[in-house]
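To keep things clear, I will list the structure first and then write my remarks on it.
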Amino acid sequence: MITFWNGNKSVARQEYEYQLFELLAADSKKLEPIHNDLTDYPAAEDEGAVFDNGVDALVTVAGNKKFAGKPLIEVKIPLCRGLLGWRLMVVARERIDEFRDLTLAQLKSKRVGVPATWVDAELFRANGFDVVERGSLDDMLGWIEQGEVDFMTLGVNEIHDILADPNQQTRNLAIEPTLALYYPFPVVFYVNKNGAQLAERLGQQWQEKQHMVAEHFFAHYGEAIAKADLAHRQVMTLTNPMLPEGYEALIEADLYRLTEPL
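FYI, in UniProt numbering the residues of the sequence shown are 1 to 262.
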């Protein structure tokens with residue numbers, strides 16, 4: 001059995017990434033079941049130790065410091081066309097006009113919320129933002145509604161599903177309609193150090209199944225991309241100091257290819 005750790009992320013990501021892993025990990029020579037492990041780890045050190053607990057593979061942001069220095073195999077393939085780096089802002093509905101058409105300097109004067117263990121916190125600090133890093137996603141949405149935090153960002157691929165979730169505190173929250181943030185934020189496979197064959201298979205299958213990968217991407221995220229209407233938003237570009245060397249060439253086209261087939 002292959003154990004795929006898929007916790008500490010939104011349901012939209014969990015579904016897309018597990019199904020993509022299923023597509024690429026399939027071995028035609030043998031049927032090997034996959035365990036989709038949805039365990040959430042609230043502590044960063046616990047998340048960084050998942051390979052010590054028998055996990056075979058996971059998807060995370062390239063350069064995730066929770067795994068720095070860990071013996072693992074990185075499969076250097078951007079799995080989501082850079083979509084997670086396209087961010088829209090969640091704000092209190094009654095404050096939506098306060099954010100309309102802000103400049104980047106004005107936005108930096110606001111408090112941006114990032115749930116605990118999310119990689120984004122370090123990125124926003126490096127770009128000069130006032131970051132509130134604590135709690136869960138549910139907590140953060142509540143604090144935005146209460147005015148303790150001014151806004152948070154979510155990926156285009158997940159924001160609409162999260163705000164439509166009846167289990168979330170979202171009734172008085174809205175997506176800011178005029179702005180978008182972009183930073184290079186590729187998600188990739190990390191594979192257990194003992195999983196060289198699995199890592200090789202993932203890379204090979206990615207190349208051989210490009211048409212199926214593209215169909216999978218647009219089936220999951222095509223509607224979300226259309227709703228985001230990025231072409232009519234003011235885009236603020238941030239830097240990602242955590243981006244490992246060598247990814248620039250892989251993601252340089254992400255700004256332009258979200259609506260184009262592979």
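Yeah, the Cβ is synthetic: ideal placement off N, Cα and C, and Gly gets one too.
DSSP bridge partner residues for asparagine 194 (one or two, in chain order): To locate residue 194, count along the sequence shown from 1; it is residue 194. The partner list for asparagine 194 (beta bridge, DSSP) is empty, contrary to what the question assumes.
Considering valine 213, what are the terminal residues of the alpha helix (DSSP H) in which it resides? For this step, residue 213 is matched to residue 213 along the sequence shown. It spans 210-228 - the alpha helix (DSSP H) in which valine 213 sits, taken as one unbroken run.
In the DSSP assignment, what residue or residues form a beta bridge with phenylalanine 185? Walking along the sequence shown from the start, residue 185 turns up at place 185. DSSP output for phenylalanine 185 lists no bridge partner at all.
Can you check the stretch 98-180 for any alpha helix (DSSP H) of at least 4 residues that lies completely inside it and give the ranges in chain order? Listed in chain order, the complete alpha helix (DSSP H) runs (minimum 4 residues) inside the stretch 98-180 are 104-108, 120-126, 137-146 and 159-164.
Can you list, in chain order, the residues of its chain whose CB lies under 7 Å from that of alanine 12, leaving out five sequence neighbours each side? As a working mapping, residue 12 is identified with position 12 in the sequence shown. Only Asn157, Glu158 and Asp161 meet the Cβ criterion.
Burial state of leucine 87, where buried means 16 or more other Cβ atoms lie within 10 Å: Here residue 87 corresponds to residue number 87 of the sequence shown, with the count starting at 1. One detail in the question is off: residue 87 reads as arginine in this sequence, not leucine. Arginine 87 is buried by the Cβ-count criterion.
Aspartate 56 and asparagine 192 closer than 8 Å at C-beta: For this step, residue 56 is matched to residue 56 along the sequence shown. For this step, residue 192 is matched to residue 192 along the sequence shown. Yes, they are a contact pair.
When you compare only the Cα positions, how much space is there between glutamine 14 and threonine 39? Reading the sequence shown from its first residue, position 14 is the one you call residue 14. Reading the sequence shown from its first residue, position 39 is the one you call residue 39. Distance between the alpha carbons of glutamine 14 and threonine 39 is about 11 Å.
Unbroken beta strand (DSSP E) runs of length 3 or more, entirely within the stretch 56-105: which are they? Entirely contained in the stretch 56-105, the beta strand (DSSP E) runs reaching 3 residues are, in chain order, 57-61, 72-75 and 86-92.
Measure the CB-CB distance between residue 272 and alanine 116 and report whether it falls below 8 Å. The structure shown does not extend to residue 272, since the chain spans only 1 to 262, so no value can be given for it.
Evaluate arginine 93 with the Cβ neighbour count: other Cβ atoms within 10 Å of its Cβ, from every protein chain shown; 16 or more gives buried, anything less gives exposed. As a position in the sequence shown, residue 93 is number 93, starting the count at 1. Label assigned to arginine 93: exposed.
If isoleucine 34 and isoleucine 2 are in contact, beta carbons under 8 Å, what's the gap, nearest whole angstrom? Reading the sequence shown from its first residue, position 34 is the one you call residue 34. Reading the sequence shown from its first residue, position 2 is the one you call residue 2. Contact holds; Cβ gap of about 5 Å.
My understanding is that glycine 128 touches lysine 108, with C-beta atoms under 8 Å, so please give their C-beta distance in whole angstroms. For the purposes of this step, residue 128 is taken as the residue at position 128 of the sequence shown. For the purposes of this step, residue 108 is taken as the residue at position 108 of the sequence shown. With a Cβ gap of about 5 Å, glycine 128 and lysine 108 count as contacting.
N-terminal and C-terminal residue of the alpha helix (DSSP H) that phenylalanine 21 is part of: Taking the sequence shown and counting its residues from 1, one reaches residue 21 at position 21. That run of the alpha helix (DSSP H) goes 11-25.
Suppose contacts are defined by Cβ-Cβ distances below 8 Å. Is valine 235 in contact with tyrosine 182 by that definition? Position 235 of the sequence shown holds residue 235. Position 182 of the sequence shown holds residue 182. Taking 8 Å as the Cβ cut-off, valine 235 and tyrosine 182 qualify as a contacting pair.
Since valine 119 contacts valine 188 with CB under 8 Å, what's their CB separation in whole angstroms? Numbered from its first residue, the sequence shown carries residue 119 at position 119. Numbered from its first residue, the sequence shown carries residue 188 at position 188. Not a contact, Cβ separation roughly 12 Å.
Pick from Asp97, Leu83, Pro71 and Pro241 that is closest to phenylalanine 51, judged by C-alpha positions: Stepping through the sequence shown from its first residue, residue 51 is reached at position 51. For the residues Asp97, Leu83, Pro71 and Pro241, the minimum Cα distance to phenylalanine 51 belongs to Pro71.
Classify asparagine 194 as buried or exposed, calling it buried when 16 or more other Cβ atoms lie within 10 Å of its own Cβ. Locating residue 194 in the sequence shown gives position 194, where the first residue counts as 1. Exposed is the label assigned to asparagine 194, since fewer than 16 other Cβ atoms lie within 10 Å of its Cβ.
Straight-line Cα distance separating alanine 174 from alanine 196: Taking the first residue of the sequence shown as 1, we reach residue 196 at position 196. Taking the first residue of the sequence shown as 1, we reach residue 174 at position 174. A direct Cα-Cα distance of roughly 44 Å separates alanine 196 from alanine 174.
Alpha carbon to alpha carbon, how far is glutamine 210 from aspartate 138? Give it in angstroms, no decimals. Position 138 of the sequence shown, counted from the first residue, corresponds to residue 138. Position 210 of the sequence shown, counted from the first residue, corresponds to residue 210. Looking at the two C-alpha atoms, the distance is approximately 36 Å.
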